[in-house]
Amino acid sequence: MPPTSETLIHGAGLLLLISGTVFFTAGTVGLIRFPDVRSRLHALAKADTLGLGLVLLGAGLLLGSWSAAVVLLLTWLLALGAASTSAHVLARLEAEKSDGTEPR
Numbered sequence: 112m113p114p115t116s117e118t119l120i121h122g123a124g125l126l127l128l129i130s131g132t133v134f135f136t137a138g139t140v141g142l143i144r145f146p147d148v149r150s151r152l153h154a155l156a157k158a159d160t161l162g163l164g165l166v167l168l169g170a171g172l173l174l175g176s177w178s179a180a181v182v183l184l185l186t187w188l189l190a191l192g193a194a195s196t197s198a199h200v201l202a203r204l205e206a207e208k209s210d211g212t213e214p215r
């Protein structure tokens with residue numbers, strides 16, 4: 112018996128959720144294991160942004176609603192901007208701190 116489109120969409124959604132969780136875990140491992148602040152920020156910002164995108168894409172597939180998909184997309188775009196901005200600010204403060212100058 113061939114799989115239906117609903118079964119394939121459900122499987123793809125679950126696969127995306129699991130993949131996103133793997134990226135979240137990788138970001139957390141990078142946060143714990145990397146030696147300096149900049150490396151930790153890079154690992155965390157990149158892995159969490161991709162992980163959130165995959166989780167939200169999987170959730171959008173499982174919900175099956177266009178309105179929910181739009182809300183999830185807007186959520187991901189907001190998180191994308193917030194993560195990159197906060198990582199930049201933290202890296203800049205750390206760089207100024209290590210240089211011995213006062214942050215602006």
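Using this note's numbering, you'd call the opening residue of the sequence shown number 112 and step up by one each time. All C-beta atoms in this analysis are idealised placements derived from N, C-alpha and C, irrespective of residue type, glycine included.
Assign residue i to one of two classes, buried (16 or more other C-beta atoms within 10 Å of its C-beta) or exposed (fewer than that).
i: T160; result: buried
i: G169; result: buried
i: A206; result: exposed
i: R151; result: buried
i: L183; result: buried
i: G141; result: buried
i: G138; result: buried
How close, in whole Å, do the beta carbons of residue i and residue j come, if the pair is a contact with beta carbons under 8 Å?
i: A156; j: A194; result: 5 Å
Judging by CA-CA distance, which residue of the options is the nearest neighbour of residue i?
i: G131; options: A154, L167 and H121; result: L167
i: R173; options: P114, L126 and P113; result: Per the sequence shown, residue 173 should be read as Leu rather than Arg. Closest by alpha carbon: L126.
Going by the CB atoms, is the gap between residue j and residue i shorter than 8 Å?
i: G162; j: W187; result: no
i: A158; j: F134; result: yes
i: G171; j: A180; result: yes
i: R144; j: A202; result: no
TODO: Write down every uninterrupted run of the alpha helix (DSSP H) in the segment 127-174 whose length is 4 residues or greater and which is fully enclosed by it, in chain order.
DONE: Runs of the alpha helix (DSSP H) spanning 4 or more residues and lying entirely within the segment 127-174 occur at 148-174, in chain order.
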